[in-house]
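Numbering (our numbering), first residue to last: 67 to 322.
These notes concern the structure reproduced below.
Structure, rendered in structure tokens:
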């Protein structure tokens, strides 16, 4: 009993410190798009560097236009929120054993808010996976936190199933319910196989997950001589890996 109480206290302390002090925006994805390829490789490189510098300049100053001091290259930056909708699909491949994060509560300048996802079901979808999914929903419970666990087997291969998981052979999605009150975070972890993951909410809208920043670097005058390069990054709210490792090994005292 004493050991369980100590473990519970440690987990709650980790949760509080993580969501209040460590939760932040981190780069999770970066893509580049060549909107016009010119034979001038130097101009193309300058456009790419301008696009990257435009993002850095925006992150430091909040200004969405950037001109390279030493050349004619410039960048235009645009920003949109990720989330605030019923479908979350970040377009990322989640490797086997790694977790995708989906926040079920809003964020403020100092940590987590109190505007929760109010739906009664979350449908988890996967593409290209031949294995299982472990799903955890962390929620506020009084002055502490709890975790609701779900597990599903999608593979017909007996060697790619987890004991005590629900068999869902051949399906590409599964509806997870009930959703605990005051839910904070859902993590989805592919087992035996990686997957492209997304979630769909029923009866509620997911809060903002971060932002997507697009920067278009340009070199030359508008017309046939202009070279453009587009860089897109996602900044999403994340938790450190040690936090999930601690929950995975100790959180049974708080789970149901």
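Ideal placement from N, C-alpha and C gives every residue a C-beta, glycine not left out.
Inset, instruction - Note down, in chain order, each residue of its chain lying with its Cβ closer than 7 Å to the Cβ of residue 237, except the 5 sequence neighbours on either side. - result: So the list reads 220, once near-sequence residues are dropped.
Legend entry - Inside the stretch 224-272 only - beta strand (DSSP E) runs reaching at least 3 residues: Taken in chain order, the whole beta strand (DSSP E) runs of length 3 or more contained in the stretch 224-272 are 239-242, 249-257, 261-268.
Legend entry - Cα-Cα separation between residue 114 and residue 295, rounded to whole angstroms: Answer to the nearest angstrom: the Cα atoms are 5 Å apart.
Inset, instruction - State buried or exposed for residue 244, treating a residue as buried only when at least 16 other CB atoms are found within 10 Å of its CB. - result: Within 10 angstroms of the beta-carbon of residue 244 lie fewer than 16 other beta-carbons, which makes it exposed.
Inset, instruction - Give the DSSP-derived three-state secondary structure of residue 208 in the structure shown. - result: Here residue 208 sits in coil by DSSP.
Inset, instruction - Measure the C-alpha to C-alpha separation of residue 254 and residue 208 and round it to an integer number of angstroms. - result: Their Cα atoms are separated by approximately 25 Å.
Inset, instruction - Taking 8 Å as the threshold, find out whether the stretch 158-170 comes into contact with the stretch 209-229 through three or more Cβ pairs. - result: Between the stretch 158-170 and the stretch 209-229, the count of Cβ pairs shorter than 8 Å is below three; the stretches do not touch.
Inset, instruction - Return the first residue and the last residue of the alpha helix (DSSP H) that residue 113 is part of. - result: Here the alpha helix (DSSP H) through residue 113 covers 107-127.
Inset, instruction - Could you name each continuous beta strand (DSSP E) segment of 3 residues or more that falls completely within the stretch 121-168, going from the start of the chain to the end? - result: Secondary structure within the stretch 121-168: the beta strand (DSSP E) runs of 3 or more consecutive residues, fully enclosed, are 131-133, 140-148 (chain order).
Inset, instruction - Indicate the three-state DSSP secondary structure (helix, strand or coil) for residue 287 in the structure shown. - result: DSSP places residue 287 in coil when its eight states are reduced to three.
Inset, instruction - Tell whether a beta-carbon distance below 8 Å holds between residue 182 and residue 225. - result: For residue 182 and residue 225, no; Cβs fall outside 8 Å.
Inset, instruction - Leaving out five residues on either side along the sequence, give the residues of the same chain with a beta carbon under 8 Å from the beta carbon of residue 196. - result: Taking residue 196 as the centre and dropping the five residues before and after it, the same chain places the C-beta of 220, 221, 223, 226, 258, 259 closer than 8 Å to its C-beta, in chain order.
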